[in-house]
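J.:
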Amino acid sequence: MFCVECGSEERLYGHLCKKCLLSKDLVRPPEHITVQVCQGCGRVLEGAAWKMVLPDSVAASQLEAGTRKHDQVSSVRWQVPYIPPEKGEHKVLCTATATIEGDELALDHEVAIRVRFGSCPSCSRQAGDYYEAILQLRMEGLSARDAEVELAEEHAMVLRMVDEFAETDEKAFLSKESAVQGGIDYYMGSMAMARSIATKLRSYTGASLNESPSIVGQKDGVDVYRNSILVKLPVHREGDVVAFGKKLHVVEASDSKMLTLKSAINGQIIRVRADDGKLRQVARYRDLREAVVVTYDGTTVQVLDPDSMVSVTLHRPPYLKRLGETVSVVRYDDMLYIV
Ligand SMILES: [Zn+2]
Ligand SMILES: [Zn+2]
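Read in order, the letters of the sequence shown correspond to residues 27 to 365 in our numbering.
(1) Can you tell me the Cα-Cα spacing of residue 151 and residue 313, whole angstroms?
(2) Quickly, what does DSSP pair residue 366 with across the bridge? List them, please.
(3) Just mark residue 143 as buried or exposed, buried being the case when its beta carbon has 16 or more other beta carbons within 10 Å.
(4) With a threshold of 7 Å (Cβ to nearest heavy atom), would residue 50 be considered close to ligand 1?
(5) Do residue 64 and residue 46 have their beta-carbon atoms positioned less than 8 Å apart in this structure?
(6) Considering only their Cβ atoms, is the gap separating residue 329 from residue 318 smaller than 8 Å?
(7) Using CA coordinates, which residue listed in 146, 201, 218 and 158 is at the minimum distance from residue 75?
(8) Nearest to residue 254 by alpha carbon, out of 212, 149, 354 and 122?
(9) With the cut-off set at 8 Å, would you say residue 134 and residue 123 are in Cβ contact?
(10) Among all residues, which have a Cβ less than 6 Å from at least one non-hydrogen atom of ligand 3, and in what chain order do they fall?
(11) Roughly how many whole angstroms lie between the Cα atoms of residue 91 and residue 138?
(12) Would you mind reading off the limits of the beta strand (DSSP E) that contains residue 321?
(13) Does the distance between the C-beta of residue 201 and the nearest non-hydrogen atom of ligand 2 fall short of 7 Å?
(14) At the level of alpha carbons, what is the spacing between residue 279 and residue 285?
(15) If the criterion is Cβ atoms closer than 8 Å, does the pair residue 228 and residue 240 meet it?
(16) Taking the alpha-carbon of residue 104 as reference, which of 98, 132, 114 and 111 has the nearest alpha-carbon?
(17) Answer with buried or exposed for residue 345, where buried requires no fewer than 16 other C-beta atoms within 10 angstroms of its C-beta.
(18) Output needed for residue 169: all residues of its chain with C-beta closer than 7 Å, excluding positions within five of it in sequence on either side, in chain order.
(19) Identify, in the order they occur along the chain, each residue of the same chain with its Cβ nearer than 8 Å to the Cβ of residue 97, setting aside the five sequence neighbours on each side.
(20) Name the one or two DSSP bridge partners that residue 255 has.
(21) Can you tell me which of the three DSSP states residue 34 falls into?
(22) Going along the chain, which residues of its own chain have a beta-carbon closer than 6 Å to the beta-carbon of residue 187, five neighbours each way excluded?
(23) Ignoring anything shorter than 3 residues, give me the beta strand (DSSP E) runs that lie fully in the segment 61-107, in order along the chain.
(24) Who pairs with residue 124 in a beta bridge, going by DSSP?
Listed below in structure tokens is the structure:
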């Protein structure tokens with residue numbers, strides 16, 4: 027067989043040799059394509075949905091769908107390099123990989139890519155203060171002023187989860203957050219997200235959950251309801267130091283109903299009700315101090331008092347099997363205790 031155009035005896039693709047084939051219009055990309063980018067969050071419109079994807083990958087699939095192929099080309103894949111994030115038309119050198127009878131050929135084409143700015147539904151709703159749920163994070167006895175400091179860990183957890191949800195859920199945003207008496211209120215665009223975040227907070231902190239509709243205002247004379255999820259953190263948290271009766275304990279586990287406590291004196295484990303009147307908070311986990319260990323034996327540890335830097339001899343709790351360079355201590359009734 028010969029190439030019908032040049033008579034070459036090389037491998038033929040249909041009736042043509044490779045050289046003659048390459049002189050043809052093998053792939054013809056569309057005149058131009060348009061990529062819509064949300065100015066608020068950077069999501070890109072792909073088909074009918076706004077997605078957290080790169081504009082170049084959306085451009086590539088648009089090119090693939092709009093390219094006209096020569097009869098000999100069975101499939102074509104596009105590679106689009108970086109598209110400048112500015113509005114307007116950009117001439118971008120793109121590479122098409124055309125498959126011809128099992129062989130792949132790379133063909134460069136300059137493509138006109140128009141970048142248009144838009145606003146995805148999530149950003150539009152956010153601008154309009156849209157929300158479906160209020161997640162109320164609460165801890166007993168907290169003032170609005172202390173809320174963000176005291177709840178810093180949980181607050182960070184909420185923000186991190188909102189970010190994670192935002193990758194898949196358009197309504198996963200916070201339209202407002204505010205510190206209030208007792209904690210923080212989060213106004214969330216997605217009810218489903220609010221529920222999952224509440225559930226996660228419960229499993230991390232032992233919080234209790236309570237979901238209820240609440241009236242948030244009126245529209246055209248009709249009450250408007252939103253669901254509120256109350257996430258009530260236990261007063262005594264894992265790692266906190268409490269006094270039960272007069273004896274110091276470390277909270278081993280807690281939920282809204284029961285606490286598991288470990289005696290700082292003898293390591294004994296007890297279970298008590300969270301609302302037991304003999305319970306007193308002594309120190310939060312993060313308020314525990316570190317004291318430098320000077321020397322120790324089986325029953326005592328000599329440490330430097332972190333406030334006065336004077337060395338003091340303390341009882342060594344039996345559960346403290348290994349000693350590092352420092353130990354956690356707490357002051358209670360003017361005495362230092364290792365916990
Ligand atoms: Zn030829
Ligand atoms: Zn957006």
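Yeah, the Cβ is synthetic: ideal placement off N, Cα and C, and Gly gets one too.
T.: On the basis of the data shown:
(1) Residue 151 and residue 313: Cα-Cα distance of roughly 41 Å.
(2) Absent from the model: residue 366. The displayed extent of the chain is 27 to 365, so no value can be given.
(3) An exposed status is given to residue 143, since fewer than 16 other beta-carbon atoms sit within 10 Å of its beta-carbon.
(4) Because no heavy atom of ligand 1 lies under 7 Å away, the Cβ of residue 50 does not count as near it: no.
(5) Contact flag unset, no.
(6) In this structure, residue 318 places its C-beta atom within 8 Å of the C-beta atom of residue 329.
(7) For the residues 146, 201, 218 and 158, the minimum Cα distance to residue 75 belongs to 146.
(8) The shortest C-alpha separation from residue 254 is found at 212.
(9) No, these two residues do not count as a Cβ contact at 8 Å.
(10) As far as ligands go, the structure on display features ligand 1 and ligand 2 and does not contain ligand 3.
(11) Residue 91 and residue 138: Cα-Cα distance of roughly 15 Å.
(12) DSSP places residue 321 in the uninterrupted beta strand (DSSP E) bounded by 315-322.
(13) No.
(14) Rounded to whole angstroms, residue 279 to residue 285 spans 6 Å at the Cα level.
(15) Taking C-beta atoms as the reference points, residue 228 and residue 240 fail to come closer than 8 Å.
(16) Taking each of 98, 132, 114 and 111 in turn and checking the Cα distance to residue 104, the smallest one comes out for 132.
(17) Using a 10 angstroms sphere on the CB of residue 345, the tally of other CB atoms stays under 16, which defines it as exposed.
(18) Excluding sequence neighbours, residue 169 sits near 207.
(19) Counting only Cβ-Cβ distances below 8 Å, and skipping sequence neighbours, we find 40.
(20) DSSP output for residue 255 lists 161 and 237 as bridge partner(s).
(21) Here residue 34 carries a coil assignment [DSSP, helix/strand/coil].
(22) Correct list, in chain order: 223.
(23) For the beta strand (DSSP E) assignment, the uninterrupted runs of no fewer than 3 residues enclosed by the segment 61-107 are, from N- to C-terminal side, 70-72, 75-77 and 101-105.
(24) 102 and 131, per the DSSP bridge assignment.
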